[in-house]
Amino acid sequence: MFNIGFAELILILLVAFVVVGPKDLPKVAAALGRGMRTIKQYIREFQEGSGLGDVVDEFKKTSRDLERTLKENDPTPDLKQAQKDVEDAVRSTADAAKDALEKNK
104 MFNIGFAELI LILLVAFVVV GPKDLPKVAA ALGRGMRTIK QYIREFQEGS
154 GLGDVVDEFK KTSRDLERTL KENDPTPDLK QAQKDVEDAV RSTADAAKDA
204 LEKNK
């Protein structure tokens with residue numbers, strides 16, 4: 104949710120330990136946990152009440168469909184094959200021209 108790494112978490116705990124003190128730290132941690140639960144509950148209720156969760160799910164589904172369609176219609180493999188074919192044709196034409204020049208000498 105907040106993308107907090109282990110090092111940041113240790114730093115936050117050390118600062119909380121210094122500011123709050125070891126005696127009251129468990130009480131503060133419990134209060135923060137209750138507060139986070141309450142905030143998550145309010146967010147969940149808002150999403151359910153407003154239909155926002157359904158809209159988000161629909162956007163995610165549309166995004167997956169778009170990615171799949173783009174992947175299916177990717178012209179890159181065809182372009183690479185066409186480039187290879189052109190390079191082969193140019194190489195064979197150059198070889199034929201070289202052979203013709205050698206025969207004319």
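Sequential numbering from 104 applies to the sequence shown in the working numbering. Cβ atoms here follow ideal geometry from the backbone N, Cα and C, with glycine treated the same way.
Quiz prompt | Cβ-Cβ distance between V131 and V121 below 7 Å | solution = no
How big is the Cα-Cα spacing for G156 and D168?
18 Å
Alpha carbon to alpha carbon, how far is L112 from N176? 44 Å
- Item | Coil, strand or helix - D127 by DSSP | coil
| query | In angstroms, rounded to a whole number, what distance separates the CA positions of G108 and L116? | reply | 12 Å
Which residues in the same chain as V158 place their Cβ atom closer than 8 Å to its Cβ, once the five residues preceding and following it in sequence are excluded?
none
**OP:** Report the rounded CA-to-CA distance for F149 versus K183, giving the unit in angstroms.
**Re:** 50 Å
Task: Straight-line Cα distance separating R171 from R194 - done: 37 Å
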